[in-house]
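Novice:
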Ligand code: HXC
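Numbering (the numbering used here), first residue to last: 97 to 612.
#1: Could you check where the beta strand (DSSP E) with residue 146 kicks off and where it finishes?
#2: Taking the CB atoms as reference points, tell me whether residue 429 and residue 404 lie closer together than 9 Å.
#3: Give the secondary structure of residue 276 by DSSP, where H, G and I count as helix, E and B as strand, and everything else as coil.
#4: Note the first and the last residue of the continuous alpha helix (DSSP H) segment covering residue 535.
#5: Going along the chain, which residues of its own chain have a beta-carbon closer than 7 Å to the beta-carbon of residue 224, five neighbours each way excluded?
#6: Tell me which same chain residues have a C-beta within less than 8 Å of the C-beta of residue 153, skipping the five on either side of it?
#7: Given a cut-off of 9 Å, decide if residue 411 and residue 420 are closer than it, judged by their beta-carbon atoms.
#8: Suppose only complete runs of 3+ residues qualify. What are the beta strand (DSSP E) ranges in the region 511-579, listed by chain order?
#9: Buried or exposed: residue 477, going by 16 or more other Cβ atoms within 10 Å of its Cβ?
#10: Does the ligand HXC have a heavy atom nearer than 8 Å to the CB of residue 191?
#11: Looking only at C-alpha atoms, which of 113, 119 and 135 sits nearest to residue 333?
#12: Report yes or no: do three or more beta-carbon pairs, one from the region 285-304 and one from the region 369-383, lie closer than 8 Å?
#13: DSSP on residue 248, reduced to helix/strand/coil?
#14: Span of the alpha helix (DSSP H) holding residue 293?
#15: Terminal residues of the continuous alpha helix (DSSP H) containing residue 409?
#16: CA-CA distance, residue 137 and residue 178?
#17: What are the boundary residues of the alpha helix (DSSP H) that residue 306 is part of?
#18: Strictly under 9 Å for the Cβ-Cβ distance: is residue 384 near chain C by that measure?
#19: Quick check: the Cα distance between residue 389 and residue 547, rounded to an integer number of angstroms?
#20: Within the region 462-497, note down every full beta strand (DSSP E) run reaching 3 residues or more, in order along the chain.
#21: Drop a sphere of 10 angstroms on the beta-carbon of residue 248, count the other beta-carbons inside from all chains shown, and report buried for 16 or more, exposed for fewer.
#22: For residue 128, name the three-state secondary structure that DSSP assigns.
#23: In terms of residues, what are the limits of the alpha helix (DSSP H) holding residue 505?
#24: Figure out for me which residue from 544, 176, 509 and 424 has the closest Cα to the Cα of residue 458.
#25: Which residues mark the beginning and the end of the alpha helix (DSSP H) in which residue 108 is found?
#26: Determine the closest residue to residue 198 out of 448, 108, 229 and 180, with distance taken between C-alpha atoms.
#27: Which whole-angstrom value describes the C-beta separation of residue 542 and residue 552, a residue pair presumed to lie in contact below a C-beta threshold of 8 Å?
#28: Which value, in whole angstroms, describes the spacing of the CA atoms of residue 598 and residue 529?
#29: Starting from the N-terminal side, write out each stretch of the beta strand (DSSP E) that is 3 residues or longer and does not extend beyond the region 158-203.
#30: Hey, how far is the Cα of residue 503 from the Cα of residue 438?
#31: State yes or no: is the C-beta of residue 455 within less than 9 Å of the C-beta of residue 481?
#32: Pull the bridge partners of residue 289 from the DSSP assignment, please.
#33: Considering residue 609, what are the terminal residues of the alpha helix (DSSP H) in which it resides?
#34: Whose C-alpha, out of 600, 567, 518 and 560, is nearest the C-alpha of residue 590?
#35: Using 10 angstroms around the beta-carbon of residue 220, count the other beta-carbons present and answer buried if the total reaches 16, otherwise exposed.
#36: Rounded C-beta distance between residue 317 and residue 401? I'm assuming under 8 Å.
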C-alpha cells in the first residue's frame with residue numbers, strides 16, 4: 097500500500113477507534129453525567145501529553161464469525177502521558193464498547209500498559225468503568241483478568257497503582273482495583289460489587305439498590321474498600337493528580353520535594369487552644385495536623401472509614417510525610433479492628449514508597465468488647481504492630497495527650513523501632529488511666545473507705561503524680577524528650593532532616609508473615 101493510501105486507511109481506522117461504541121452510546125454516557133474514556137484521559141493528563149498504545153487492536157475472531165461489530169481499540173484506551181510533568185501509565189475502560197467489559201484484547205492491552213509502567217518505574221492509573229468479564233469471550237476473559245491480577249501483585253510496592261471507579265464496576269472489574277494502592281470513587285455515578293443487586297436478592301433475599309450496595313459512600317464509610325469519595329469526575333481526577341504529587345514514581349525514587357514557603361521553625365502558637373480543658377473531652381486531631389504540616393495542606397485518606405484514626409499525606413519542610421493520628425473525635429480515638437487495619441495498610445504503603453511516617457498519639461487503648469474479640473481484634477491489632485515494626489522509613493512519634501496500654505506500644509513506639517519519640521508536656525503515658533487503675537490496684541482501700549468518692553479522688557491524684565506522666569518513659573529513654581507542644585513542628589522537622597538518609601538493614605528474608 098502506498099504511503100498516502102496507508103495514511104488514509106489509518107485515518108479511517110483511528111476515526112472508528114475514536115468513536116468507541118458509537119455516537120448513540122457516547123450520548124448515553126454523557127446523559128448519565130459521565131465522560132468518555134478519552135475525555136477522562138484528557139482531563140487527567142497534562143495537555144497534549146497522551147501517547148496511545150494499541151488504538152488499532154481488534155478482536156480478529158469477530159470477523160471470522162461474520163456476525164460481530166469490529167471495535168478498533170476494543171473497550172479500553174491505554175498508553176502513557178504526564179501529570180505535573182512526570183510520566184505515568186494509564187488505561188481507561190470504554191463503557192460504550194460492550195459496557196467496558198474485559199475480553200482477551202482488553203486484557204492484553206491493559207497488561208501491556210502495566211508492563212511498560214512497571215519496567216520504566218512510573219505510576220499506573222486505571223480508570224475503571226466496566227461490567228466485568230466479557231461473557232461472550234468465556235475463559236479468555238477470565239484469563240485476561242488473571243494476567244492483570246498477576247501484574248498488579250508483581251507491581252505492588254514497586255510503582256504506585258491508583259484506581260478510579262467511574263461507573264458500575266462488577267466482578268473482575270473490582271478485583272484488580274482491590275489489588276492496587278488507592279481506590280477513588282465518584283459520588284452517585286460509580287459502584288463496585290462482586291455480584292449485583294439482582295443476584296444478591298435471588299441468593300440471599302436481601303434487597304439493596306446499586307448505590308446502597310456499592311456506591312461511593314458505602315465503600316468509603318462501611319466496607320473501607322474505597323479510600324476517596326469525591327463529587328464529580330473532573331474533581332476526582334484532580335484528586336488523583338494531587339495524590340500523585342506526594343508520591344515517588346517508584347520504590348527506588350524519592351517523593352518530589354516542593355518549595356512550600358512554610359518555615360520549619362514556625363511555632364505552632366495557638367496549638368494549645370485546640371486541646372479541651374478537660375482531658376477526656378474530644379477535639380479534632382486534624383486541627384493539630386493542619387498546624388503541624390506545611391501550609392495546613394493535608395490529604396486525608398479513608399476520611400469516612402474507621403474515623404477513630406486519621407491517616408493521610410502532607411509535607412513538612414517540603415518533603416512528603418505520611419501522618420497517622422488517633423482521632424479523639426470518634427470513639428475517643430480508641431484502636432479497634434477497622435482502625436488497626438486502616439493504619440496498618442497506610443504505614444505499609446508509606447514504607448514501601450520511602451515516605452517517612454509521623455505518628456501523633458492520643459489513645460486510650462484497644463477497644464474492649466465481645467464483638468471485637470470475636471471479630472479478631474487480636475490479629476487485626478497485630479497488623480498495626482507488625483506494620484510499624486517492619487517499616488524502615490524514618491519514623492517520628494509525638495504523644496500528644498495520652499498513650500495507654502498496648503496501644504502505647506502499637507502507635508509507633510520506640511520499642512517498635514521508631515527513630516525519634518517525643519511527648520508533649522502534660523501527656524500521660526501509663527498502662528491505663530488512673531480512674532480505671534485504682535479500681536484494680538486499690539480495690540481493698542476503696543471498699544474499706546468511709547467516703548469512697550473522696551478516697552477514689554485521692555488515689556487517682558496519687559496515681560497521676562506517680563505513674564501517669566511522660567517522665568518515667570523519658571527517664572528510661574523510651575521518649576527522647578518532653579517538649580512544649582508549640583515547638584512540635586520544628587522538633588519533628590529537625591528529626592526528619594537528620595533521618596533523611598537513614599538506612600536500616602534487616603536480615604534477608606523472602607517476606608514476613610503479617611497476620612492477614
Ligand atoms: C458483555 C456486557 C457485560 C459483560 C455489560 N455488557 N456487561 N457485555 N459482558 N459482562 C454490555 C451490555 O450488553 C450492553 O450492551 C452494554 O454493555 C451496557 O450494559 P447495560 O446493562 O445496558 O448498562 P447498565 O444498565 O448501565 O448496567 C451496567 C451493569 C450491567 C451494571 C454493569 O451491564 C451488568 O450487570 N453487567 C453484568 C455484570 C456481570 O455480572 N459481569 C460478569 C462478572 S463475572 P449494548 O450492546 O446494549 O450496549 C466476572 C468474573 C471475573 O467478572 C472473575 C475474576 C476474579
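Even for Gly, the Cβ is constructed at its ideal location relative to N, Cα and C.
Specialist: Put simply:
#1: Element bounds for residue 146: n/a, residue is neither H nor E.
#2: Yes, the pair counts as a contact, with Cβ atoms nearer than the cut-off.
#3: Note: residue 276 maps to coil in three-state DSSP.
#4: DSSP places residue 535 in the uninterrupted alpha helix (DSSP H) bounded by 530-537.
#5: Excluding five sequence positions before and after residue 224, the CB atoms of its chain that fall closer than 7 Å to its own CB belong to 189, 259, 260, 261, 262, 265, 269 and 273, given in chain order.
#6: Here the set comprises 168, 169, 170, 201, 204 and 205.
#7: One thing to note: residue 420 has its Cβ no nearer than 9 Å to the Cβ of residue 411.
#8: The region 511-579 contains these whole beta strand (DSSP E) runs: 516-520, 524-526 and 577-579.
#9: Classification of residue 477: buried, given that the 10 Å Cβ count is 16 or more.
#10: The answer is yes for residue 191.
#11: Measuring from the Cα of residue 333, the nearest candidate turns out to be 135.
#12: The count of Cβ pairs closer than 8 Å, one atom from the region 285-304 and one from the region 369-383, stays below three, leaving the stretches out of contact.
#13: Correct three-state label for residue 248: helix.
#14: Taken as a continuous stretch (DSSP letters only), the alpha helix (DSSP H) holding residue 293 covers 293-300.
#15: Element bounds for residue 409: not the alpha helix (DSSP H) but the beta strand (DSSP E), 405-412.
#16: So the alpha carbons of these two residues sit roughly 11 Å apart.
#17: Where residue 306 is concerned, the enclosing alpha helix (DSSP H) stretches over 306-310.
#18: You won't find chain C in this structure, because it holds only one protein chain.
#19: In this model, residue 389 and residue 547 are separated by some 49 Å (Cα to Cα).
#20: At a cut-off of 3 residues, not a single continuous stretch assigned as beta strand (DSSP E) sits fully inside the region 462-497.
#21: It counts as buried.
#22: Coil.
#23: From DSSP, the alpha helix (DSSP H) with residue 505 extends over 501-506.
#24: In this structure, 424 is the residue among 544, 176, 509 and 424 with its C-alpha nearest to the C-alpha of residue 458.
#25: Taken as a continuous stretch (DSSP letters only), the alpha helix (DSSP H) holding residue 108 covers 99-114.
#26: Checked all of 448, 108, 229 and 180; the closest Cα to residue 198 is 229.
#27: In this structure, residue 542 and residue 552 form a Cβ contact; the two beta carbons are roughly 6 Å apart against a cut-off of 8 Å.
#28: Straight-line Cα distance between these residues: approximately 36 Å.
#29: You should have 172-179 and 182-189.
#30: Answer to the nearest angstrom: the Cα atoms are 15 Å apart.
#31: Between residue 455 and residue 481, the C-beta gap is not smaller than 9 Å, which leaves the two residues out of contact.
#32: Beta-bridge pairing links residue 289 to 266.
#33: Careful: residue 609 lies outside any alpha helix (DSSP H) and carries neither H nor E.
#34: Of the residues 600, 567, 518 and 560, the one whose Cα lies closest to the Cα of residue 590 is 518.
#35: Around the beta carbon of residue 220, a 10 Å sphere encloses 16 or more other beta carbons of the protein chains shown; the residue is thus reported as buried.
#36: The beta-carbon distance between residue 317 and residue 401, rounded to whole angstroms, is 6 Å. This is short enough to meet the 8 Å contact definition.
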